[in-house]
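According to this note's numbering, the sequence shown holds residues -15 to 92 in order. By construction, the Cβ of each residue, glycine as well, lies at the ideal position given by its N, Cα and C atoms. Computed from a prediction, not measured in an experiment: that's the story for all the values here. Only one structure is covered here, and it is reproduced in the block below.
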Amino acid sequence: MTEFDPEKFEDKYVHYFEELQEAYSNAYNQLHGRYDSEILKAIDRNVLSESEPFYEGDGEFRIELPDERVEEVRSAVGEPERFDTVLEELVTRIEAELRRIFGFESAD
C-alpha cells in the first residue's frame, strides 16, 4: 500500500507513476481470458493509453476516457455492445485497483 497525498496526485505521473501502471495492469490481467483478447487489447492500447485518472476525494477515483478514441475503437472493433461491456468493466476495475493500492479499501 502506498501512502496517498491528494495534492501529489495533481502531478500523478511524477509521484505515482508506478502505482498507476500497477492499477491499469492489474485490471487488465483480471479480465484477460474472460473477454475477447482482441477487444481487450484494442481498449488497452488505443483507449486506456490516452485515459486520465483523477482523484475525486473521499477515496474515489475517476477515469476520464478520450471520447474520440472510444468512438474510433468501438467502430473498428465492430462489436459495440461487447466493446462497451469490456470498457466499462476495465474502468471499474482500474478505479477499484486505485482505491486498493492507495489504501482506501482492502483487497477482496
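Unbroken beta strand (DSSP E) run spanning residue i, endpoints
| i | result |
| --- | --- |
| Y39 | E36 to G41 |
| R58 | Unbroken run through R58 is the alpha helix (DSSP H), D51 to V61; no beta strand (DSSP E). |
| R46 | E44 to E48 |
Cβ-based burial, residue i [other Cβ within 10 Å; buried from 16]
| i | result |
| --- | --- |
| V31 | buried |
| A60 | exposed |
| E3 | buried |
| F86 | buried |
| R46 | exposed |
| P37 | buried |
| R58 | buried |
| V70 | buried |
Nearest-angstrom beta carbon gap, residue j and residue i [assumed within contact, 8 angstroms]
| i | j | result |
| --- | --- | --- |
| R102 | I23 | Because the chain spans -15 through 92 in this model, residue 102 falls outside it and cannot be assessed. |
| Y39 | F(-7) | 4 angstroms |
Residue span of the alpha helix (DSSP H) that contains residue i, given as start and end
| i | result |
| --- | --- |
| T69 | P64 to I85 |
| V(-2) | K(-4) to H(-1) |
| S21 | S21 to N30 |
| E(-9) | P(-10) to F(-7) |
Exercise. Do the segment 7 to 17 and the segment 75 to 90 meet, that is, are 3 or more Cβ pairs less than 8 angstroms apart?
Worked result: Yes, the segment 7 to 17 is in contact with the segment 75 to 90.
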